[in-house]
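Asks:
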Amino acid sequence: MATTQQTSASADLACGRVTIDLGALADNWRMLARRAAPAAAAAVVKADAYGIGLEPAARALAEAGCRTFFIAVVEEGVRLRAALPDATIYVLDGLPGGAGDTFAEAQLRPVLGSWPEIEEWAALCRKRSSDLKAALHVDTGMNRLGLTPSEAQRLRRTPDLLAAIAPDLIMSHLACADTPDHPMNRQQLAVFREVRALFPDLPASLANSAGIFLGPDFHFDLVRPGIALYGGSAVSGQPSATRTVVTLEARVLQVREADEGGHVGYGATETISRPSRIAILGTGYADGYHRRASSSDARLGARTYVRGKFAPLVGRISMDLTAIDVTDIPEATRGDWVELFGPNVPVDEVAGHAETIGYELLTALGRRYARTYIGS
Ligand SMILES: *Cc1c(COP(=O)(O)O)cnc(C)c1O
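According to the numbering used here, the sequence shown holds residues -10 to 365 in order.
(1) Count Cβ pairs between the segment 233 to 243 and the segment 271 to 278 that sit closer than 8 Å; are there 3 or more?
(2) Identify whether Ile60 lies in helix, strand or coil by the three-state DSSP scheme.
(3) Counting only runs of 4+ residues fully inside the segment 79 to 151, write out the alpha helix (DSSP H) ranges in chain order.
(4) In chain order, what residues of the same chain have a beta carbon less than 6 Å from the beta carbon of Gln(-6), not counting five sequence neighbours either side?
(5) Is any heavy atom of ligand 1 found at a distance shorter than 6 Å from the C-beta of Gly215?
(6) What number of angstroms, rounded off, separates the C-alpha of Tyr348 from the C-alpha of Ile78?
(7) Please state whether the Cβ-Cβ distance between Ala373 and Ser262 is less than 7 Å.
(8) On the DSSP letters alone, give me the boundaries of the alpha helix (DSSP H) that Glu338 sits inside.
(9) Using the rule of at least 16 other Cβ atoms within 10 Å of the residue's Cβ for burial, across every protein chain shown, is Glu52 buried or exposed?
(10) Determine the contact status of Leu43 and Val34, defining contact as a CB-CB distance below 7 Å.
(11) Find the nearest neighbour of Ser365 within the set Ala13, Pro138 and Pro156, judged by alpha-carbon distance.
(12) Just to confirm, does Pro162 get its C-beta within under 6 Å of one of the non-hydrogen atoms of ligand 1?
(13) So Gly86 packs on Glu109, CB below 8 Å; how close in whole Å?
(14) Tell whether a beta-carbon distance below 7 Å holds between Arg296 and Ala321.
(15) Would you check whether ligand 1 has a heavy atom nearer than 6 Å to the C-beta of Asn17?
(16) Kindly examine ligand 1 and report whether one of its heavy atoms sits closer than 6 Å to the Cβ of Leu191.
(17) Quick one: residues in its chain with C-beta nearer than 8 Å to the C-beta of Phe299, no 5 flanking neighbours on either side, listed in chain order?
(18) Would you give the residue range spanned by the beta strand (DSSP E) that Met308 belongs to?
(19) With 16 as the cutoff for other CB atoms within 10 Å, does Thr147 come out buried or exposed?
(20) Does Phe207 come out as helix, strand or coil in the three-state DSSP assignment?
(21) Of the choices Glu94, Phe58, Ala47 and Ala88, whose alpha-carbon is the least far from that of Ala72?
(22) Please indicate yes or no: does the CB of Leu310 lie closer than 6 Å to some heavy atom of ligand 1?
(23) What residue range does the beta strand (DSSP E) around Gly5 cover?
(24) Taking buried to mean at least 16 other C-beta atoms within 10 Å of its own C-beta, is Ser198 buried or exposed?
(25) Should Gly141 be labelled buried (16 or more other beta-carbon atoms within 10 Å of its own) or exposed?
(26) Within the present structure, is the beta-carbon of Ser284 separated from the nearest heavy atom of ligand 1 by less than 6 Å?
(27) Following the continuous beta strand (DSSP E) through Leu50, name the residue where it begins and the one where it ends.
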């Protein structure tokens, strides 16, 4: 059964609490791995595993069978190595100048995405006898990280350099996979196939979460899901295909009566249209609950869930406080926990009100929350 592990301030005292279901995380990985088979499934655990906690997430994923992990920066890689001594760990942002020894010592594999990185890594490989490994990143149209196709050809024609770095994976990244009909998907696939043909012996990887749902053409040898592991929606405008992992709740500090015609919050942006009961929650934008999701007379804000019913935000989200309308939930009272996102209010719905994406709400989860891990 679910085990609970308390890792920070007591939930009894905290302004808000985050419950992270590691069993759902493991289930989500297994589901995506089945979907991608016969390709292998890695896990992207950058940015503290999308805000849920790098070490507990990585351990749960490894227990589910995941062997290959992608993080963004070298410090995260060093942390991950301490948690998972045997995992294969790629560093997506590549090799920062002078960081080679850190990579070697922690057995991290840089995802090399520029000519200077390749030269620096080759020099290190020639100097050190230890078994260094790296991936090759090619840009297929996003213009973010990666060798251009012509640089990849140049590398193919420079056998000494290629032999020195001896990459063990070739990868690229899709810009528009969250929009299945976008023509960029097929264009990038075509470019990736061409570049990949230059390195026929290398395993290849193209798909993030959304790429997995584009179908087998996009799977190659290894898929790299991130957001779908954490229960976020991978495909724009569609509900998440995976189980909810993160539930964020805030506590009711007080419930107050407000008169028709009155206003709520900074800027008095929302006018009360009937005698109302307003519950004040002890969490706000300083905790990562984006101010952009606020409500006003002109604009519908996010909604919350309390005592089995939905309650809309009223007025602006403050730094540490948020108001909701509980007029139709008479049993709502001081001390209640209110779901801000989770199984009833999808994180992507709140993100939509904040004009952002679920990724940003998860990675912005505040430090003041009590965190509880269940299902491990
Ligand atoms: C973040 C990232 C992923 C994971 O993307 P999701 O959309 O979260 O699945 C995969 N590959 C690269 C290169 C990334 O930067």
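Ideal Cβ placement from N, Cα and C applies to all residues, glycine included.
Replies: Let me spell this out:
(1) yes
(2) strand
(3) 89 to 94, 104 to 116 and 138 to 145
(4) Its pLDDT being 47, under 50, Gln(-6) is placed unreliably by the model, and the measurement read from it follows with that caveat. The residues are Tyr362.
(5) yes
(6) 22 Å
(7) Because the chain is modelled from -10 through 365, residue 373 falls outside the range shown and cannot be assessed.
(8) Val336 to His342
(9) exposed
(10) yes
(11) Ala13
(12) It is His, not Pro, that sits at residue 162 in the sequence shown. Yes, the beta carbon of His162 sits closer than 6 Å to at least one heavy atom of ligand 1.
(13) 7 Å
(14) yes
(15) no
(16) no
(17) Arg292, Thr293, Asn333 and Val334
(18) Neither: Met308 is in no beta strand (DSSP E) and is coded neither H nor E.
(19) exposed
(20) helix
(21) Ala47
(22) no
(23) Gly5 to Asp10
(24) buried
(25) Residue 141 is actually Ala in this sequence, not Gly. Buried, since its Cβ has 16 or more Cβ neighbours within 10 Å.
(26) no
(27) Looking at the DSSP string, Leu50 is not in any beta strand (DSSP E); the run it does join, the alpha helix (DSSP H), is Leu43 to Ala53.
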